[in-house]
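Everything below concerns the one structure shown next.
Numbering (the numbering used here), first residue to last: 2 to 108.
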């Protein structure tokens, strides 16, 4: 599902114009990004948390030049789903059938 699909689905279910939903969705994304940039996690009860994960400093390798490269410690954004969210996905037989079909397509 893409962003356009989400906007269309919400518009259909609520009767709110797609443009208004798109503006609200973009504002939500911007707030999540801005909060994470400032180091503040975002908690959405019943859905999950947008958090920062710390990656330790390490030595990488530029394989073209065969040279060691120091990679400093840094933070990456991550999503941790809420327990209710995880349970509802686990109980969904539709999600299981979809993932099985996707795995069959790869073979």
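A virtual CB, placed ideally from N, CA and C, is assigned to each residue, including glycine.
Specify the secondary structure class of residue i as computed by DSSP and reduced to three states.
i	result
residue 93	coil
residue 69	strand
residue 61	strand
residue 9	helix
So who's on the other strand from residue i, going by DSSP bridges?
i	result
residue 80	51
residue 25	Answer is none; residue 25 lacks a bridge partner.
residue 3	Its beta-bridge partners do not exist; DSSP assigns none.
residue 56	75
Taking only the alpha-carbon atoms, compute the straight-line gap between residue i and residue j and give it to the nearest angstrom.
i	j	result
residue 15	residue 77	34 Å
residue 57	residue 79	15 Å
residue 67	residue 54	29 Å
Which residues mark the beginning and the end of the alpha helix (DSSP H) in which residue i is found?
i	result
residue 41	It is not in any alpha helix (DSSP H) - residue 41 carries neither H nor E in the DSSP assignment.
CB of residue i to nearest heavy atom of the ligand MG: below 8 Å?
i	result
residue 79	The model on display carries no ligand, and the ligand MG is accordingly not part of it.
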